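Residue numbers (the working numbering), protein chains in the order written: chain A, 3 to 389; chain B, 54 to 486.
Quick reminder that beta carbons are idealized off the backbone N, C-alpha and C, glycines included.
None of the values given here were measured: they were computed from a predicted structure.
The block underneath contains the structure these notes are about, expressed in structure tokens.
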């Protein structure tokens, strides 16, 4: 698998393999290996890697699985993501996973952790609380303790304790991973035609289903191609897409935005892979402290993160400026309280900064994109004609 | 059913009415009297701490539910939606924002004072975080203090979690209180208030447990929301609160001894046909109509989870005046919506068994994912563990667009028929045996 086309095709297949075949094959090669599934948005995957595990992102079923049983577990006014995940759990897609992490993103994901506990899926099910106090001695201590609980959980499964060396090695690998991903985004900012938003999405989503070593190798190969000119520039506007950090938009929606004349130069689709901005300190005697510091000081902005003192709206506008984007598309999953409650204030910040914006809502299995395409197309035209 | 005009106000009702009148009067004069105002939330509220600094609390979700009962919430929600809030999100938030946009007029018709301190005790509801981020932008001059309450994800409260909260209280919350109030933290005063709370909590539990008697002298949901008012909001720790619960307990004990049934807005119930446990908050926009469906059918709610959002005291927790900050931390983490799903199921199962309920009913609220996400699984678990018939209805907190009287009545009537049928079958089986 060397050509870009081969890699992209493999990524597309792997990103939406709801059996997680690749991760299960990886596990089958060593009885001390574990698979730990995690939900959006972010978990420090380094600690799982250091304990001989693979952290596999469970981003929902998208439009790839018909939901029948899952609907019997959720009322119509609850977002689509958890019903797809329950469907996967009941259909045995998640068999072979040793444990599950449910990050503190919202009450739906929080309560889903309890549903997994009640149905005894996996050997452990843990709600992973994000510290909302950012003092290193207060929130930092709490966050470190949250990580230690996960380390203990994995130890109870495979008897492997994450060591200082193992953690430092994992930090290095994930630092490389974040740098490579960021380079792709930087190239796409200048030359978005070299790699489409859909292709980028597939690459990142596949990356959370395979080992970081494999992903890094793949990212290097992709970068070797897109560092050179490829594709053809179009007369498109540049947009940042915001609000899709948890339940993922269907690929058709991302494609529709692009086809409507909008290059997506930044987004929060696979935010967990880009959560930490910059490197985590490497080769320290206390790598958990290093990961904690990164969480406290280098986290990106997100709806699950208390933002008084550094509001998300301002950070979004900064991102728009840094990416030289023409506007923002607020694209949130229906019934997503965190994204939708943030939206009005973020829109106000955009208005104050003169950044044009539009918004729409979706489900991960939305099948009709005509209206969205028209809306994005009109947005693009209006910016091209009058901005 | 007695004639409505026969419904006599009990002494406890008068006490509560006076407490509330004084509270809102104090709030309306806060700027004149120089009293500082603290906006905070009901679950995990730190009322003893607020009172120890001589500050006045305002609860945005109480404002919202009162707006719902006064039929104002529909308009407020639409105004919030006009400024960009989605139809999909929590209607308490939208109602509160709409109320602010319309002059922040409280239930007494007077303007509520702006906050001097926003105390975000982030307990059991993720939306609280978003709500206060929004309030922070609407009241940029108010101080804001964040108290992150860890979730009981392992079904227990750990020493590390308590330490985390106590450190936040010491380093983040108390300094903000001192700055806003201009007073030093008085640990002895806080302990005194907590001692009062313990006594009120004891009486409150005794009140709730009187519903174990057959027939129950109280409705622990529809009337329960009134009974829980003082302890869950502005008064826990005060002498008036203690007086209220002492009086309430004696009144209800007296009713129980006389085998009297719950008091409703239309007088006293005459027959207890069904005993139910209810999960989830009530609908506020059509509260009376909703309640009437139940008492017309002789259905009494003997235990409810909603009345535990401000503390699950019947599981034994009491404030601890000896360790005031640790006590507040433990209190916050013990509130119902901060329990994990298995704990919630265990609690409901206990209620169904101990209160000898005939059925278990969920009122699933569109706005409240903290309660609602997972309720269908809770329902299945309870059915399996207890064997009682379970029912499920849907409404909303304060959005009148989501209360469909005919649908709810229809479903409840079918549910009551099922309960009736089961009673007949069970009585026939016991005769055969």
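What residues in its chain sit with their C-beta under 8 Å from that of residue i, if we drop five residues either side in the sequence?
| i | result |
| --- | --- |
| residue 341 (chain B) | 318 |
| residue 170 (chain A) | 284, 285, 286 and 289 |
| residue 57 (chain B) | Bear in mind that a pLDDT of 46 at residue 57 (chain B), under 50, signals an unreliable position, so the model cannot answer this. |
| residue 187 (chain B) | 146 and 150 |
| residue 122 (chain B) | 337, 338 and 340 |
| residue 168 (chain B) | 90, 91, 92, 111, 188, 192 and 195 |
Among the residues of its own chain, which have a CB less than 6 Å from the CB of residue i, if the five just before and after it don't count?
| i | result |
| --- | --- |
| residue 489 (chain B) | With chain B represented from 54 up to 486, any question about residue 489 (chain B) goes unanswered, as that position is not in the structure. |
| residue 277 (chain B) | 357 and 360 |
| residue 118 (chain B) | 337 |
| residue 55 (chain B) | Here the model assigns residue 55 (chain B) a pLDDT of 49, short of 50, so the residue's position is not dependable, and the following value carries that caveat. The residues are 320 and 321. |
| residue 381 (chain A) | 360 |
| residue 279 (chain A) | 300 and 302 |
| residue 252 (chain B) | 295 |
| residue 89 (chain A) | 69, 71 and 72 |
| residue 236 (chain B) | 106 |
| residue 313 (chain A) | none |
| residue 92 (chain A) | 71 |
Excluding sequence positions up to five away, which residues of its chain have a Cβ less than 7 Å from the Cβ of residue i?
| i | result |
| --- | --- |
| residue 269 (chain B) | 315, 325, 328, 353 and 355 |
| residue 66 (chain A) | 18 and 20 |
| residue 319 (chain A) | 351, 352, 355 and 357 |
| residue 223 (chain A) | 4 and 9 |
| residue 405 (chain B) | 330, 413, 435, 439 and 441 |
| residue 8 (chain B) | It is not possible to answer for residue 8 (chain B), since the shown part of chain B is limited to 54 through 486. |
| residue 475 (chain B) | 442 |
| residue 31 (chain A) | none |
| residue 424 (chain B) | 333, 334, 390 and 418 |
Along the chain, where does the alpha helix (DSSP H) containing residue i start, and where does it finish?
| i | result |
| --- | --- |
| residue 187 (chain B) | 180-191 |
| residue 158 (chain A) | 141-160 |
| residue 158 (chain B) | Segment: none, residue 158 (chain B) is in no alpha helix (DSSP H) and carries neither H nor E. |
| residue 214 (chain A) | 214-228 |
| residue 285 (chain B) | 282-285 |
What are the residues that DSSP puts in a beta bridge with residue i?
| i | result |
| --- | --- |
| residue 88 (chain A) | Answer is none; residue 88 (chain A) lacks a bridge partner. |
| residue 416 (chain B) | B:446 |
| residue 102 (chain A) | A:39 and A:127 |
| residue 331 (chain B) | B:357 and B:414 |
| residue 392 (chain B) | B:205 |
| residue 191 (chain A) | Partner(s): none; residue 191 (chain A) has no beta bridge. |
| residue 122 (chain B) | DSSP output for residue 122 (chain B) lists no bridge partner at all. |
| residue 317 (chain B) | B:320 |
| residue 242 (chain A) | A:268 and A:330 |
| residue 199 (chain B) | B:173 |
| residue 57 (chain A) | A:38 |
| residue 278 (chain A) | A:301 |
| residue 311 (chain B) | DSSP output for residue 311 (chain B) lists no bridge partner at all. |
Can you give me the start and stop residues for the beta strand (DSSP E) that residue i sits inside?
| i | result |
| --- | --- |
| residue 5 (chain B) | Because chain B here runs from 54 to 486, residue 5 (chain B) falls outside it and cannot be looked at. |
| residue 110 (chain B) | 109-111 |
| residue 490 (chain B) | Residue numbering for chain B in the displayed model covers 54 to 486; residue 490 (chain B) lies beyond these limits and cannot be assessed. |
| residue 265 (chain A) | 264-268 |
| residue 364 (chain A) | 359-364 |
Interface positions of the stretch 182-205 of chain B facing chain A (Cβ-Cβ less than 7 Å), listed along the chain: 182, 183, 186, 187, 189, 190, 197, 199, 201, 203 and 204
Closer than 8 Å, Cβ to Cβ, to anything on chain A: give me those residues from the stretch 125-145 of chain B, in chain order. Per Cβ criterion, the list reads 136, 137, 138, 139, 141, 142 and 143.
Given 8 Å as the limit, is there contact between the stretch 172-187 of chain A and the stretch 141-161 of chain A, that is, 3 or more CB pairs closer than that? no
At a cut of 8 Å, does the stretch 20-30 of chain A reach the stretch 255-271 of chain A through at least three beta carbon pairs? At 8 Å Cβ cutoff, the stretches do not touch.
Report the residues of the stretch 404-437 of chain B with a CB closer than 7 Å to any CB of chain A, ordered along the chain. Within the stretch 404-437 of chain B, those residues whose Cβ lies closer than 7 Å to any Cβ of chain A are, in chain order, 417, 419, 422, 423, 425, 426, 427, 429, 430 and 434.
Quick check: the stretch 337-350 of chain A against the stretch 219-227 of chain B, are at least 3 beta-carbon pairs closer than 8 Å? no
Check distances from the C-beta atoms of the stretch 219-248 of chain B to those of chain A and list, in chain order, the residues that come in under 7 Å. Listed by position, the residues of the stretch 219-248 of chain B near chain A (Cβ gap below 7 Å) are 220, 221, 224 and 225.
Identify each residue in the stretch 287-306 of chain A for which the Cβ-Cβ distance to at least one residue of chain B is less than 7 Å, and report them in chain order. none
Under 8 Å, CB to CB, which of the residues in the stretch 360-389 of chain B have a partner in chain A? Per Cβ criterion, the list is empty.
If contact means a Cβ-Cβ distance below 7 Å, which residues of the stretch 321-338 of chain B contact chain A? The residues in question: there are none.
Taking one C-beta from the stretch 269-279 of chain A and one from the stretch 128-145 of chain A each time, how about it: are there three or more such pairs within less than 8 Å? With a cut-off of 8 Å, the stretch 128-145 of chain A and the stretch 269-279 of chain A do not count as touching, because too few Cβ pairs lie within range.
Check whether the stretch 228-244 of chain A and the stretch 41-61 of chain A are in contact - that is, three or more C-beta pairs closer than 8 Å. With a cut-off of 8 Å, the stretch 41-61 of chain A and the stretch 228-244 of chain A do not count as touching, because too few Cβ pairs lie within range.
Using a Cβ cut-off of 7 Å, which residues of the stretch 168-179 of chain B contact any Cβ in chain A, in chain order? 175, 178 and 179
Are there three or more Cβ pairs, one per stretch, closer than 8 Å when the stretch 207-221 of chain B is compared with the stretch 133-140 of chain A? With the cut-off at 8 Å, the stretch 207-221 of chain B and the stretch 133-140 of chain A touch.
Does the stretch 239-259 of chain B come close enough to the stretch 279-295 of chain B that 3 or more CB-CB pairs lie under 8 Å? yes
Does the stretch 166-174 of chain B come within contact of the stretch 82-94 of chain B, defined as at least 3 CB pairs closer than 8 Å? yes
Flag this pair as touching only if the stretch 361-371 of chain A and the stretch 248-255 of chain A have three or more C-beta atom pairs under 8 Å; answer yes or no. Result yes; three or more Cβ-Cβ pairs closer than 8 Å.
Contact list for the stretch 6-35 of chain A against chain B, Cβ threshold 8 Å: none
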